[in-house]
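Taking it in order: structure first as structure tokens, then the write-up.
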Amino acid sequence: MKNLLEFILIHLVEHPEDVTITERATGDTTQYVIHVHPDDMGRVIGKGGSVIQAIRNISRIRAVKEGIRAHVVVEDPAEVTPA
Numbered sequence: 000m001k002n003l004l005e006f007i008l009i010h011l012v013e014h015p016e017d018v019t020i021t022e023r024a025t026g027d028t029t030q031y032v033i034h035v036h037p038d039d040m041g042r043v044i045g046k047g048g049s050v051i052q053a054i055r056n057i058s059r060i061r062a063v064k065e066g067i068r069a070h071v072v073v074e075d076p077a078e079v080t081p082a
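Here numbering that gives the first Met the number 0 is used: position 80 in the sequence shown is 79, and no number is missing along the way.
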């Protein structure tokens, strides 16, 4: 699943080197947190959330096929505090 999300995002954004995906297992669900360059947030979310919704639909189909539960989240760079 992570490879699929990376493939989609790398071909979507202008800064592919800044694309990272973090997996977080919570119970029986795996959460995939997408981190992208701040300039690429609009491309990933899309007008009215259409692009991220399409990415979530693709991941949902893949999760059903693999027999897992997955949730895709885009992390807001404004909420990340520097270390």
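Don't be surprised by glycine CBs; every beta carbon is placed ideally from N, CA and C.
Small disclaimer: the values here were computed from a predicted structure and weren't measured.
Quick one: is residue i buried, meaning 16 or more other Cβ sit within 10 Å of its Cβ, or exposed?
i          : result
residue 49 : exposed
residue 60 : exposed
Please list the terminal residues of the continuous beta strand (DSSP E) segment that includes residue i.
i          : result
residue 20 : 19-25
Are there any heavy atoms of the ligand FMN lying less than 8 Å away from the beta-carbon of residue i, as far as the coordinates show?
i          : result
residue 16 : Looking at this structure, you won't find the ligand FMN or any other ligand, since it has none at all.
Give the DSSP-derived three-state secondary structure of residue i in the structure shown.
i          : result
residue 73 : strand
residue 32 : strand
For the alpha helix (DSSP H) that residue i lies in, which residues bound it at each end?
i          : result
residue 12 : No alpha helix (DSSP H) holds residue 12; DSSP gives it neither H nor E.
residue 40 : 40-44
Would you mind giving the Cβ-Cβ distance between residue i and residue j, rounded to the nearest angstrom? I have them listed as a contact below 8 Å.
i          : j          : result
residue 71 : residue 33 : 7 Å
residue 29 : residue 55 : The Cβ separation is near 13 Å, so there is no contact.
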